[in-house]
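Presented below is the structure to which this report refers.
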Amino acid sequence: MRIAVTGSSGLIGTALVRSLREDGHQVVRLVRRSPRAEDEAEWDPRRQWVDTAGLMGCEAVFHLAGAGVGDRRWTDAYKKEIRDSRVLGTAAIAEAIASLDTPPRVLVSGSAIGFYGDTGERAVDESAPPGHGFLPDVCQDWEEAAGAAQEAGVRTAFARTGLVISAEGGAWGRLFPLFKLGLGGRMGSGHQYWSFIALRDHIAALRHILDTPELTGPVNLTAPTPVTNREITAAMGRVLRRPTLFSVPAPALRIALGEMSGDVLGSVRAVPRRLLDSGFTFAYPHVDEAIKAALTQEG
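Quick note, this note's numbering runs 126 ahead of the 1-based positions in the sequence shown.
As structure tokens, then:
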């Protein structure tokens, strides 16, 4: 199968491209520069332009590009970059797909469980309404930006991703070194839910969406056993055999991170109802297993 991927240099995109190629699929990587290899095609999300030649003949598109939410402090300028990189990029991909005489059968577009906002202890599946605040607003606009592909009859799914556990990068990749040094600990009260997913399960779930025609619309990509920050901290200590005595008080996080602290201290207890109902099996449903997998089975 010929498959196009945006965000192919990121944590998830790199792993997805590797997985697809290992199974014999032809992958076209959409890149934001002049192509340097035969498997690359150019696109520019800021100008909402895509070289549609790269999409021709593709049966599927994975759209994973977007500025990292946790990469920098949320200044007004970076909040605009977070939003524009997602909304404008998705609109560009969707419109390019819709313009093709023979569009791909499926578009799997990135999204996030930030859609739900702070849910406290309440468990939420894909039927839950959006929350309030910056991230929920971004996620709504992000998903709505794919409208052109949906109107063209392309099956469109939104991968609402949780906290991906990986030692290779992302937010978790920044936490592992601290915990290995015995400097890890809970954040704030530790009672907030962090809905996690192992990187390998995330890639398997993306491919499950690709192969499952009934999956359209939002799909939560989180493990079936969401845990609190306090429980994740304890699990890191168990697996790494390190103390987890340190903690960061909520006021300190608010000072250090500004508005982004709401994402760290907020609670999202998301459950993957649609994945489970469609027959997906998690290899690492529990947090200890996901942490061990990140340490021993990646790369």
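Every residue, glycine too, gets a C-beta built ideally from N, C-alpha and C.
Predicted model, so just to flag it, every value in this text is computed and none were measured.
With a threshold of 16 other beta carbon atoms within 10 Å, ALA130 meets it and is buried. For the pair PRO411 and GLY299, the Cα-to-Cα distance works out to about 19 Å.
Shown here, GLY311 sits in a strand according to DSSP, grouped into three states.
Secondary structure note for TRP268: its alpha helix (DSSP H) is the uninterrupted segment 260 to 270. Rounded to whole angstroms, ALA220 and GLY392 show a C-alpha spacing of 31 Å. For ARG212, the closest of ARG199, THR132 and ARG159 by C-alpha to C-alpha distance is THR132.
In the three-state reduction of the DSSP assignment, GLY296 falls in the helix class. ARG155: member of the beta strand (DSSP E) spanning 152 to 157, first to last residue.
Linking VAL374 to TYR242 through their CA atoms gives a straight-line distance of about 25 Å.
For SER253, the closest of THR140, VAL153 and PRO344 by C-alpha to C-alpha distance is PRO344. Per the Cβ contact rule, the stretch 300 to 315 is not in contact with the stretch 278 to 286 (fewer than 3 Cβ pairs under 8 Å). Secondary structure note for GLY136: it is in no beta strand (DSSP E), with a DSSP letter that is neither H nor E. Where GLY236 is concerned, the enclosing beta strand (DSSP E) starts and stops at 232 to 238.
Counting along the chain, the unbroken beta strand (DSSP E) around ARG281 starts and ends at 281 to 287. With a beta-carbon spacing of about 5 Å, GLY196 and ALA297 fall inside the 8 Å limit used to define contacts. Across the set VAL365, LYS206 and TRP320, the C-alpha of TRP320 shows the shortest separation from the C-alpha of VAL250. Partner residues in the beta bridge of TYR319, as assigned by DSSP, are THR354.
Under the 10 Å beta carbon count, PHE372 is surrounded by fewer than 16 other beta carbons and is classified as exposed.
Closest in C-alpha terms to SER135, from the list TRP200, LEU156 and ILE208, comes LEU156.
Counting only residues of its own chain and dropping the five nearest sequence neighbours on each side, THR359 has a CB closer than 7 Å to the CB of GLY310, GLY311, ARG312, GLY316 and THR370. If you draw a straight line from the Cα of VAL290 to the Cα of CYS265, it is about 17 Å long. If you compare the alpha carbons of PRO171, GLU270, VAL365 and ARG172 with that of ALA283, the shortest gap goes to GLU270.
Excluding sequence positions up to five before and after THR338, its CB lies within less than 7 Å of the CB of SER404, all in the same chain and listed in chain order.
Fully contained in the stretch 324 to 370 are the following alpha helix (DSSP H) runs of length 4 or more, in chain order: 325 to 337 and 355 to 366. About 14 Å separates the CB atoms of ARG248 and ARG399; that is not less than 8 Å, and the two are not in contact.
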